[in-house]
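Enquirer:
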Amino acid sequence: MEKQEQEERKHIEALDRKIERLQEKVIKKHKEYSVLAEELSTLLDERHPERKIERAKQALYDVYVESERSLDEIIDLIRNADEWI
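Adding 24 to a residue's 1-based position in the sequence shown gives its number in the numbering used here.
1) Going by beta-carbon coordinates alone, are residue 77 and residue 88 separated by less than 8 Å?
2) Could you tell me the distance, in whole angstroms, from the CA atom of residue 58 to the CA atom of residue 67?
3) Taking the alpha helix (DSSP H) that residue 72 belongs to, which residues open and close that run?
4) Once the 5 residues before and after residue 31 are set aside, which same chain residues still bring their CB inside 6 Å of it?
5) Mapping the DSSP letters down to three states, classify residue 92 as helix, strand or coil.
Here is the structure:
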């Protein structure tokens, strides 16, 4: 029984080492992916400026929906922003 437990322990240790190595690789590849994705996004924005405008519109719309305020309230806040600053 002791031999079986030792073999099982060795197997688990080997799995732990493999998991650790793969996690390191995944983290490294994820960082590389993030850098490349950001570079691609920048180039696409440069090539298609309307993308940046559309993202800004979408961001404003998302914030408006999440705010649960009426459109008139939002417009009033924007028009009178100097009073709040």
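Even for Gly, the Cβ is constructed at its ideal location relative to N, Cα and C.
Expert: In brief:
1) Cβ distance not < 8 Å, so residue 77 and residue 88 don't count as in contact.
2) 14 Å
3) Neither: residue 72 is in no alpha helix (DSSP H) and is coded neither H nor E.
4) The same chain holds no residue with a CB closer than 6 Å to that of residue 31 once the five nearest residues on each side in sequence are set aside.
5) Residue 92 falls in the coil class under three-state DSSP.
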